Amino acid sequence: MKEFVDVINQFEKYNILIEKLSDLIGCEGIITIGDDLKTAIMCYLEKMTKDEYKWIEYFIYELDYGKKYKDGCIIDSDGSYIKLRTPEDLYNFLEKNKS
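Counting in the working numbering, the sequence shown runs from 67 upward without gaps.
This is how it looks when you write it as structure tokens:
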């Protein structure tokens with residue numbers, strides 16, 4: 067789990083750095099430094115965790131690394147809440163649901 071969490075945390079640090087750089091030079095969305103490597107790492111994580119439903123991408127891009135998570139925003143088929151507030155939550159969810 068530690069390695070998975072470390073990678074997700076590094077992704078977040080990278081995105082924050084790119085946002086700051088974009089703000090500094092005034093060209094939001096134009097800087098693509100490292101995007102190919104980021105895509106490769108994302109594919110690797112998806113394969114290693116058998117994330118066929120793109121939960122990692124959802125956590126990163128839609129939930130903004132869990133910052134936008136609210137109880138009830140993700141509901142399992144049995145009606146229970148799926149908690150994705152932290153990278154650890156994401157890892158545990160993926161491990162629990164491996165096919």
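Don't be surprised by glycine CBs; every beta carbon is placed ideally from N, CA and C. Source: prediction; values computed, not measured.
Within the DSSP bridge table, the entry for Tyr157 names no partner.
Annotated as proximal: Asp155 and Lys149, with beta-carbon spacing under 8 Å. A straight-line Cα-Cα distance of about 15 Å links Asp89 and Lys79. The Cβ atoms of Phe159 and Leu111 lie no closer than 8 Å to each other. Residue pairing by DSSP places Ile141 opposite Tyr147 in a beta bridge. The residue from Lys68, Asn163 and Thr105 with its alpha-carbon nearest to that of Glu118 is Asn163.
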